[in-house]
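Start counting the sequence shown at 207; every next residue gets the next number (the numbering used here).
Okay, so here's the structure we're looking at.
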Amino acid sequence: MTTRKHQQQAPATLVHQDDADTLLLPNYCWHDENDSLMQAAIDSARILIDQYESGPHFYAHLDATVLSTWLEEDMPELVAGLREEGAYDTFQKQLSFYCERLSVAGALADSFLHETLDYAQDDYWDFDVERFFPGLLRRIQLGKVRKLEQLPTIVATLVDRFAHLRGLPFRDNYRTCLHARLPAERWDWCDLNQVKAANEKTAFLLRAEQFPMSLRMYTLERYVLVLNVPLEVDASALIRKTAYCEVGAAIAEANHVVAEIRFSQYVPALPFFDNLPTLKLFRQHIPVVYLFDDAPPLLVEYPFSWMADGAWFTREAYRIEDPYSPEYTTWAENRNVDALITEIRPMPLGAGPVKRASVYNGPYNDSWPEFPE
């Protein structure tokens, strides 16, 4: 692990004792009705972190601005209350401080487990660990801290979390993405006929308030992409894990090399830079609902964390397109044009739910059966 202290630190960013004393930390239980609005907001932000975290890189790149956006999407009334009380700026400062502290705790947990981020993303921790946990990194590196109980609580919590992720067994279902069949009915808020009339290179963006109940049960994301499936593709090909939605190179028209995110080799890929605003909407997965002509819709959730990997994805995409690096120019010369999603449209809306007549098949006999003595 390559953790280093910033060479030049602005005095304004140093934490004074009175700042540490007034730091508002989240509760790890459901907040009490007597808690302040600020405490409720910090607690809710902590729940969002726990809900969407995806490992060490997520904590390394924790961004209070992104968390605030998530909080406003999920609990707009809470953020509106902070603004009405004139406390939103204070909340942002508290949340930023908490995120920095969590990032440092993640760096220390990474060091305690003798791990490093270098192997995955040519990245490294770059935090002033002495600011939050003086002397702890040195004691870990010297082997003087070897037991979980010797660590601060927040660091020990992340050690346990990272170790659990590292120890997941590689069973057969590890090779497939999270997926579920959805009933073909109850899509009243969506005009699926209009979607099915579009070509396979057009995707549709579905918002959480338009989700049918069956979809809401299977994803924590706030947005879903809807795609038509080519006739020759079956569900088993779509749920197979391939490149974990990493950035790759694709051939556009006139042998133009573009960076792309590919869910599956059997459906069109998503050009990276053309769809950055859409990619930033997803928190832990990119959920895609595939529409078939002869089968119910299929939901597949592809692992994708912009918080954790967005900086690395962007660097890789620039490397691919800058401008046609020699390795990709040679690779593109004898390749056919790749299938790419050309447009993402808002989901066309339907007429809304239709009241269905209740069906009564009674009378019912709900008495207990007689058991022989």
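Backbone N, C-alpha and C define an ideal beta-carbon position, used for all residues, glycine too.
{"Query": "N-terminal and C-terminal residue of the alpha helix (DSSP H) that Arg-413 is part of", "Result": "Element bounds for Arg-413: not the alpha helix (DSSP H) but the beta strand (DSSP E), 408-413."}
{"Query": "Residues that Ile-195 bridges to, as DSSP identifies them", "Result": "Residue 195 cannot be examined here, being either before or after the span of the chain that is shown, 207 to 579."}
{"Query": "Classification of Asn-461 by the beta-carbon crowding that lies within 10 angstroms, buried from 16 upward", "Result": "exposed"}
{"Query": "Runs of alpha helix (DSSP H) wholly within the segment 267-302 (minimum 4 residues, chain order)", "Result": "270-280, 282-290"}
{"Query": "DSSP state of Ala-465 mapped onto helix, strand, coil", "Result": "strand"}
{"Query": "Cβ-Cβ distance between Ser-260 and Pro-493 below 9 angstroms", "Result": "no"}
{"Query": "Extent of the continuous alpha helix (DSSP H) run through Tyr-258", "Result": "243-258"}
{"Query": "7 angstroms Cβ shell around Gln-400 - same chain, five flanking residues per side excluded", "Result": "Pro-554"}
{"Query": "Identity of the residues DSSP links to Gly-454 by a beta bridge", "Result": "Glu-466"}
{"Query": "Rounded distance between the beta-carbons of Ser-309 and Tyr-258, thought under 8 angstroms", "Result": "Rounded, the Cβ-Cβ distance is 15 angstroms, inconsistent with contact."}
{"Query": "Residues near Ala-475 by beta carbon distance below 8 angstroms, same chain, minus five either side", "Result": "Gly-454, Ala-456, Glu-466, Ile-467, Arg-468, Phe-469, Asp-544, Ala-545, Leu-546, Ile-547"}
{"Query": "Alpha carbon of Ala-286 to alpha carbon of Phe-479, nearest angstrom", "Result": "32 angstroms"}
{"Query": "Whether Thr-363 touches Leu-411 by CB criterion (9 angstroms)", "Result": "no"}
{"Query": "For Asp-434: DSSP bridge partner residues", "Result": "Residue identity check: residue 434 is Asn in the sequence provided, not Asp. In DSSP, Asn-434 forms a bridge with Leu-497."}
{"Query": "CB of Ala-414 within 9 angstroms of CB of Pro-503, strictly", "Result": "no"}
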